[in-house]
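Participant: My questions all concern the structure below.
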Amino acid sequence: MTKRILISGGAGFLGANLCRKLLAQGHAIVCLDNFRTGAQRNIADLLGHPRFTLLQQDVSEPVTLAVDQIYNLACPASPVHYQADPIATFKTSVLGAINMLDLARRLDVPVLQASTSEVYGDPHIHPQPEGYWGNVNPIGPRACYDEGKRSAETLFFDYHRQHGVAIKVARIFNTYGPGMHPADGRVVANFIVQALQGDAITLYGDGRQTRSFCYVDDLLDGLVMLMNSGPEVTGPVNLGNPTEFTMRELAAQVIALTRSRSRLVQRPLPIDDPRQRRPDISLAMHSLGWSPRVELDAGLRQTIAYFEAMLADTAIPA
1 MTKRILISGG AGFLGANLCR KLLAQGHAIV CLDNFRTGAQ RNIADLLGHP RFTLLQQDVS
61 EPVTLAVDQI YNLACPASPV HYQADPIATF KTSVLGAINM LDLARRLDVP VLQASTSEVY
121 GDPHIHPQPE GYWGNVNPIG PRACYDEGKR SAETLFFDYH RQHGVAIKVA RIFNTYGPGM
181 HPADGRVVAN FIVQALQGDA ITLYGDGRQT RSFCYVDDLL DGLVMLMNSG PEVTGPVNLG
241 NPTEFTMREL AAQVIALTRS RSRLVQRPLP IDDPRQRRPD ISLAMHSLGW SPRVELDAGL
301 RQTIAYFEAM LADTAIPA
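Using the UniProt record's numbering, the first residue of the sequence shown is number 1, and each one after it goes up by one.
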């Protein structure tokens, strides 16, 4: 059945790709974005689509419209972006959650929160299951994002318990793919752009810290499956790829695939940067029947091709 779906943060990396996926399924999309970190170029191909509506607005302001589902993706997700204005980042997470939950309550429709693996902080348990409460510094430079997302989860479950709002909470681990901003600041985009331009590839710390990388198509499949799951599935549900790589291994793979001559340079590890990050996806596999399918090599090839085309056409946007 065709639905009218609101996607806050719909002009961001994940949001724009989700808009395309849901439009392809026949739904009507309302994309809400203030373009603080999202970009109109990400949705330029959608602006003339008869089932696509752009609402340029900040999610921290109340929203009034009629929809059947709500995906709350609005929030800067890169340390470079969310630390640029930490107060605004925290407001986006908390006030945005309140506004989306209030709308869902008025309309009696389900609302999905795009939470993050950052709620686990620098984890003491590995891999990270949903029952782990995390190890987060509440006053550090990353706290605007980490604690903002944790607070949003609190709001979602309180609205569910107190008002009966139908909620879905996804904890998203590192995701990459076409549509990323070349100045995103996160490791996959950084390494690929540096390698393609022949610049030194920046390793923070000794490069032995680990991450798990999920290709965007797999992640979006998980989000849609979670949204359309039964009412007994509220989450939080980890969505990510459980295959773990060190930063040195990722850099070596990017250099090989791009045939770059870039060298590695080391820089100090940022404050509170997690040493390990890997999802336990047992719950997603059991409750949704979801697991990622795209291997890192195949996903990197698609992402490299995207960045090659972008760099050939234009200078890197700020």
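Note that beta-carbon positions come from the ideal geometry of N, C-alpha and C, so glycine has one too.
1. When the distance is taken between beta carbons, is residue 240 closer than 8 angstroms to residue 279?
2. Drop a sphere of 10 angstroms on the beta-carbon of residue 317, count the other beta-carbons inside from all chains shown, and report buried for 16 or more, exposed for fewer.
3. Which whole-angstrom value is the C-beta distance of residue 216 and residue 179, which I expect to be below 8 angstroms?
4. Using DSSP with H/G/I as helix, E/B as strand and the rest coil, what is residue 308?
5. Pick from 84, 31, 96 and 1: whose alpha carbon is nearest that of residue 12?
6. Provide the residue span of the alpha helix (DSSP H) that contains residue 210, from first to last.
7. Verify whether the separation of the beta carbon atoms of residue 288 and residue 226 is less than 8 angstroms.
8. Looking only at C-alpha atoms, which of 276, 254, 273 and 275 sits nearest to residue 320?
9. Residues in the same chain with beta-carbon distance under 7 angstroms from residue 152, minus the five sequence neighbours each way, listed in chain order, please.
10. Within the continuous alpha helix (DSSP H) that includes residue 32, where are the two ends?
11. Suppose you measure from the CA of residue 294 to the CA of residue 136; what does that come to, to the nearest Å?
12. Who does residue 8 pair with in a DSSP beta bridge?
13. Please report the residue range of the beta strand (DSSP E) in which residue 2 lies.
14. Assuming residue 86 and residue 19 are in contact, meaning their beta carbons sit under 8 angstroms apart, how far apart are those beta carbons, in whole angstroms?
15. Report the option in 244, 6, 166 and 104 whose CA atom is closest to the CA atom of residue 74.
16. Kindly confirm or deny that the region 59-67 and the region 97-108 touch, where touching means at least three C-beta pairs closer than 8 angstroms.
17. Applying the 10 Å Cβ sphere with the 16-neighbour rule, what's the burial state of residue 308?
18. Which full runs of the beta strand (DSSP E) of 3+ residues lie inside the region 154-204, going along the chain?
19. If you measure between the beta carbons of residue 43 and residue 10, is that distance less than 8 angstroms?
20. Within the same chain, show all residues whose beta-carbon is closer than 7 angstroms to that of residue 325, passing over the 5 residues directly before and after it, in chain order.
21. Which of the three DSSP states, helix, strand or coil, is assigned to residue 17?
22. Could you pull the DSSP bridge partners for residue 215 from this structure?
23. Taking the Cβ atom as the reference point for each residue, do residue 146 and residue 121 lie within a distance shorter than 8 angstroms?
24. In three-state terms, what does DSSP make of residue 38?
25. At the level of alpha carbons, what is the spacing between residue 247 and residue 84?
26. Residue range of the beta strand (DSSP E) that residue 53 falls in?
27. So what does DSSP say about residue 99, is it helix, strand or coil?
28. For residue 268, which residues in the same chain have their Cβ closer than 6 angstroms to its Cβ, ignoring the five residues on either side in sequence?
29. Determine the direct distance from the alpha carbon of residue 118 to that of residue 148, and round the result to whole angstroms.
30. Can you tell me which of the three DSSP states residue 121 falls into?
Facilitator: From the atom records:
1. In the sequence shown, the residue the question calls residue 279 occupies position 279. In the sequence shown, the residue the question calls residue 240 occupies position 240. Cβ atoms of residue 279 and residue 240: closer than 8 angstroms.
2. The residue given as residue 317 occupies position 317 in the sequence shown. Any answer about residue 317 is weak, because its pLDDT of 49 lies below 50 and its placement is not dependable; what the coordinates show is given next. It counts as exposed.
3. As a position in the sequence shown, residue 216 is number 216, starting the count at 1. As a position in the sequence shown, residue 179 is number 179, starting the count at 1. Confirmed, about 7 angstroms.
4. Taking the first residue of the sequence shown as position 1, residue 308 is located at position 308. It is helical.
5. Looking up residue 12 in the sequence shown gives position 12. Of the candidates 84, 31, 96 and 1, the one whose C-alpha sits nearest the C-alpha of residue 12 is 31.
6. Numbered from its first residue, the sequence shown carries residue 210 at position 210. Taken as a continuous stretch (DSSP letters only), residue 210 belongs to no alpha helix (DSSP H), being part of the beta strand (DSSP E) at 210-212.
7. For the purposes of this step, residue 288 is identified with residue 288 of the sequence shown, where counting begins at 1. For the purposes of this step, residue 226 is identified with residue 226 of the sequence shown, where counting begins at 1. In this structure, residue 226 lies closer than 8 angstroms to residue 288 by Cβ.
8. Past the edges of the chain, shown from 1 to 318, lies residue 320, and the structure says nothing about it.
9. Working through the sequence shown from its first residue, we reach residue 152 at position 152. Within the same chain, residue 152 has close Cβ partners 93, 94, 97, 113 and 115.
10. Within the sequence shown, residue 32 is the residue found at index 32, counting from 1. Counting along the chain, residue 32 falls outside any alpha helix (DSSP H), though it belongs to the beta strand (DSSP E) covering 28-33.
11. If you number the sequence shown from 1, residue 294 lands on position 294. If you number the sequence shown from 1, residue 136 lands on position 136. Their backbone Cα atoms lie some 30 angstroms apart in a straight line.
12. Start at 1 with the first residue of the sequence shown, and residue 8 comes out as number 8. Looking at the DSSP assignment, residue 8 forms a beta bridge with 32 and 72.
13. Within the sequence shown, residue 2 is the residue found at index 2, counting from 1. Premise fails: residue 2 is in no beta strand (DSSP E) and is neither H nor E.
14. Your numbering for residue 86 matches position 86 in the sequence shown. Your numbering for residue 19 matches position 19 in the sequence shown. 28 angstroms between Cβ atoms; not a contact.
15. For this step, residue 74 is matched to residue 74 along the sequence shown. Of 244, 6, 166 and 104, the residue nearest in Cα terms is 6.
16. yes
17. Within the sequence shown, residue 308 is the residue found at index 308, counting from 1. By the neighbour-count rule (16 or more Cβ atoms within 10 Å), residue 308 is not buried but exposed.
18. 167-172 and 201-204
19. Residue mapping note: residue 43 aligns to position 43 of the sequence shown, counting from 1. Residue mapping note: residue 10 aligns to position 10 of the sequence shown, counting from 1. In contact: residue 43 and residue 10 (Cβ atoms closer than 8 angstroms).
20. Since the first residue of the chain shown is 1 and the last is 318, residue 325 is not available in this structure.
21. Here residue 17 is taken as the residue at index 17 of the sequence shown, counted from 1. Correct three-state label for residue 17: helix.
22. Within the sequence shown, residue 215 is the residue found at index 215, counting from 1. Answer is 176.
23. Here residue 146 refers to the residue found at position 146 of the sequence shown. Here residue 121 refers to the residue found at position 121 of the sequence shown. Cβ distance < 8 angstroms, so residue 146 and residue 121 count as in contact.
24. If you number the sequence shown from 1, residue 38 lands on position 38. Three-state DSSP puts residue 38 in coil, outside helix and strand.
25. To locate residue 247, count along the sequence shown from 1; it is residue 247. To locate residue 84, count along the sequence shown from 1; it is residue 84. So the alpha carbons of these two residues sit roughly 24 angstroms apart.
26. To locate residue 53, count along the sequence shown from 1; it is residue 53. Unbroken beta strand (DSSP E) run through residue 53: 52-56.
27. If you number the sequence shown from 1, residue 99 lands on position 99. In this structure, residue 99 counts as helix in the three-state DSSP scheme.
28. Locating residue 268 in the sequence shown gives position 268, counting from the first residue. Cβ contact annotation for residue 268 (same chain, cutoff 6 angstroms, sequence separation greater than five): none.
29. Start at 1 with the first residue of the sequence shown, and residue 148 comes out as number 148. Start at 1 with the first residue of the sequence shown, and residue 118 comes out as number 118. For residue 148 and residue 118, the distance between alpha carbons rounds to 10 angstroms.
30. On the sequence shown, residue 121 is found 121 positions in, with the first residue counted as 1. Three-state result, residue 121: strand.
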